[in-house]
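**Student:** Quick one: this structure, given as structure tokens, is what I'll be asking you about.
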Amino acid sequence: EYLRGQNERNMANYERAVKNVKTMAAGLSWGEDSGLYLAVDGLYRRVNLRNALGIQDIQDDGQTIKLSGVEAAVAYNFECGLTLASGFQWSRIHYRDAEGETHSRIHRSVPVLISYSPVEQFTVWAEAFFDCSSSDASAELLEIPNQNYYVFGVRYTF
Numbered sequence: 236e237y238l239r240g241q242n243e244r245n246m247a248n249y250e251r252a253v254k255n256v257k258t259m260a261a262g263l264s265w266g267e268d269s270g271l272y273l274a275v276d277g278l279y280r281r282v283n284l285r286n287a288l289g290i291q292d293i294q295d296d297g298q299t300i301k302l303s304g305v306e307a308a309v310a311y312n313f314e315c316g317l318t319l320a321s322g323f324q325w326s327r328i329h330y331r332d333a334e335g336e337t338h339s340r341i342h343r344s345v346p347v348l349i350s351y352s353p354v355e356q357f358t359v360w361a362e363a364f365f366d367c368s369s370s371d372a373s374a375e376l377l378e379i380p381n382q383n384y385y386v387f388g389v390r391y392t393f
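When you line the sequence shown up against the working numbering, it's residues 236 to 393, in that order.
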């Protein structure tokens, strides 16, 4: 589990900050090495926090963070090594602060991927994420950029 306050400096506080974590996840996929591939997965996580010295934003026992999300993907893998994929990602964070107030934020995005593997050991890919009306607050809480962005990569395995 990762919380915003977790880093090498205050890792000891992490264990004191988390009272308990409950996580459920499930996914389904269908497809083979070439041709159509379909997948969907879902996640639910509930984190109960307690007062922990040294971690800001944790004022009192009783803070709760709930994260739920769904992702669906569709891809087509061509026999020549080309893969085209897209999907939809939806995340919702719901939390109760130390004062008992509840807050909720939603993040939505559409990923698009193009990948080419002429041989098994070598892959080149480009991936773009398109934001679909997420708020600044949801992006900050979920630690996900709330803007369109892209990633390029090359991988060679020995």
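Beta carbons: idealized from backbone N, C-alpha and C, even for Gly. Just so it is clear, the structure is predicted and the values come from calculations on it, not from any experiment.
Please say whether Gly-316 and Pro-353 have beta carbons closer to each other than 7 Å?
**Tutor:** Closer than 7 Å, so yes.
**Student:** So, for Leu-319: in the same chain, excluding its five sequence neighbours on each side, which residues have a beta-carbon less than 7 Å away from its beta-carbon?
**Tutor:** For Leu-319, where only same-chain residues beyond five positions count, the Cβ hits under 7 Å are Ala-310, Tyr-311, Ile-349.
**Student:** Within the continuous beta strand (DSSP E) that includes Asp-276, where are the two ends?
**Tutor:** Element bounds for Asp-276: 270 to 284.
**Student:** Return the residue from the list Thr-358, Lys-254, Gln-298, His-338 that minimises the CA-CA distance to Thr-392.
**Tutor:** It is Thr-358 whose Cα lies nearest to the Cα of Thr-392.
**Student:** Could you name the residues that DSSP lists as bridge partners for Asn-383?
**Tutor:** Answer by DSSP bridge pairing: none, since Asn-383 is not bridged.
**Student:** For the beta strand (DSSP E) containing Thr-258, list its first residue and its last residue.
**Tutor:** Here the beta strand (DSSP E) through Thr-258 covers 253 to 266.
**Student:** Tyr-384: which of Glu-362, Ser-368, Arg-390 sits nearest, CA to CA?
**Tutor:** Comparing Cα positions, the closest option is Glu-362.
**Student:** Which of the three DSSP states, helix, strand or coil, is assigned to Phe-323?
**Tutor:** Strand at Phe-323.
**Student:** Just verifying my parser: in three-state terms, what is the DSSP assignment at Glu-336?
**Tutor:** If DSSP states are grouped into helix, strand and coil, Glu-336 belongs with coil.
**Student:** Suppose the cutoff is 6 Å on Cβ atoms and the five residues either side in sequence are ignored; what does the same chain contact list for Ile-300 look like?
**Tutor:** If we look at Ile-300 and ignore the five residues flanking it on each side, its Cβ neighbours are Val-282, Tyr-330.
**Student:** Drop a sphere of 10 angstroms on the beta-carbon of Val-386, count the other beta-carbons inside from all chains shown, and report buried for 16 or more, exposed for fewer.
**Tutor:** Under this definition Val-386 is an exposed residue.
**Student:** Pick helix, strand or coil for Thr-392, following the three-state DSSP scheme.
**Tutor:** Looking at Thr-392 - three-state DSSP - the assignment turns out to be coil, as it is neither helix nor strand.
**Student:** Distance check for Val-305 and Leu-278, CA to CA, integer angstroms please.
**Tutor:** If I take the Cα positions, the gap works out to 7 Å.
**Student:** Put Phe-357 into one of helix, strand or coil per three-state DSSP.
**Tutor:** Phe-357: strand per DSSP, three-state reduction.
**Student:** Could you name the residues of the same chain whose beta carbon sits closer than 8 Å to that of Asp-268, not counting the 5 residues immediately before and after it, in chain order?
**Tutor:** Same-chain partners within the cutoff: Asn-312.
**Student:** Please name the residue or residues paired with Ser-344 in a DSSP beta bridge.
**Tutor:** Per DSSP, Gln-324, Asp-366.
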